Amino acid sequence: MEPVEINAGEYYLRQLRADRLLDDRPLLMEAFADTEHRRYVRNYRLGTLDEATEYVTLRAAQWACDERCSWAVAEPTTGRLVGEVGLRDLDFTFGSAEASVWTHPAARGNGVAVTALSAALRFGFGGLGLTEIVYRHRESNAASAIVAQRCGFTRLGEADTSQAGQPLVRWIRTRPVS
11 MEPVEINAGE YYLRQLRADR LLDDRPLLME AFADTEHRRY VRNYRLGTLD
61 EATEYVTLRA AQWACDERCS WAVAEPTTGR LVGEVGLRDL DFTFGSAEAS
111 VWTHPAARGN GVAVTALSAA LRFGFGGLGL TEIVYRHRES NAASAIVAQR
161 CGFTRLGEAD TSQAGQPLVR WIRTRPVS
């Protein structure tokens, strides 16, 4: 599928970029170097421009093979990256996906995650026809719990244990009935 851009009001959702007009790589490296970010996003390390380039390339490839929709969350006037939101593990047969979101350390506490995730959910339900989107986070991540609640997710039971032995909280949101 081709990447879709979304006007999310205060923020603009667009594909991650690393070109002569706009380069998200330095801000990606800053975000992924942050201690709090590394605490919760453990499966990627972006310590070099090459690693950041691979990350941007990976996200583009995931769009192309219908595996993941991933957006840079950007300020609309400058295009400056303030986070990333995505719908991953897309399953069009069952109409399901898993949502993910992170915010650059300099932009935390400004409602970026709620605004971006709400826009991604609208696209998932309306544009992709999904019927169910899950959201998971470590039990210790209170900010993610607030994001899930504000975005209309319902918590599913007790925390499960992840592969790393960390308790994960699972939330679900289903397509609104029209």
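So the sequence shown is numbered by this note's numbering: it starts at 11 and just counts up by one.
Backbone N, C-alpha and C define an ideal beta-carbon position, used for all residues, glycine too.
Predicted model only: the values in this text are computed from it and were never measured.
Per the DSSP secondary-structure output, Ile156 pairs with nothing in a beta bridge. If you ignore the 5 residues before and after Val124, its C-beta comes within less than 7 Å of the C-beta of Val157, Arg160, Cys161, all in its own chain and listed in chain order. Taking all protein chains shown into account, Gly134 has 16 or more neighbouring C-beta atoms within 10 Å of its C-beta and is therefore buried.
The straight-line gap separating the alpha-carbon atoms of Asp101 and Ala107 is approximately 6 Å.
Here the C-alpha atom of Thr63 lies approximately 24 Å from the C-alpha atom of Arg118. When the beta-carbon positions are compared, Leu178 and Arg148 come within less than 8 Å of each other. Under the three-state reduction of DSSP output, Pro115 falls in the helix class.
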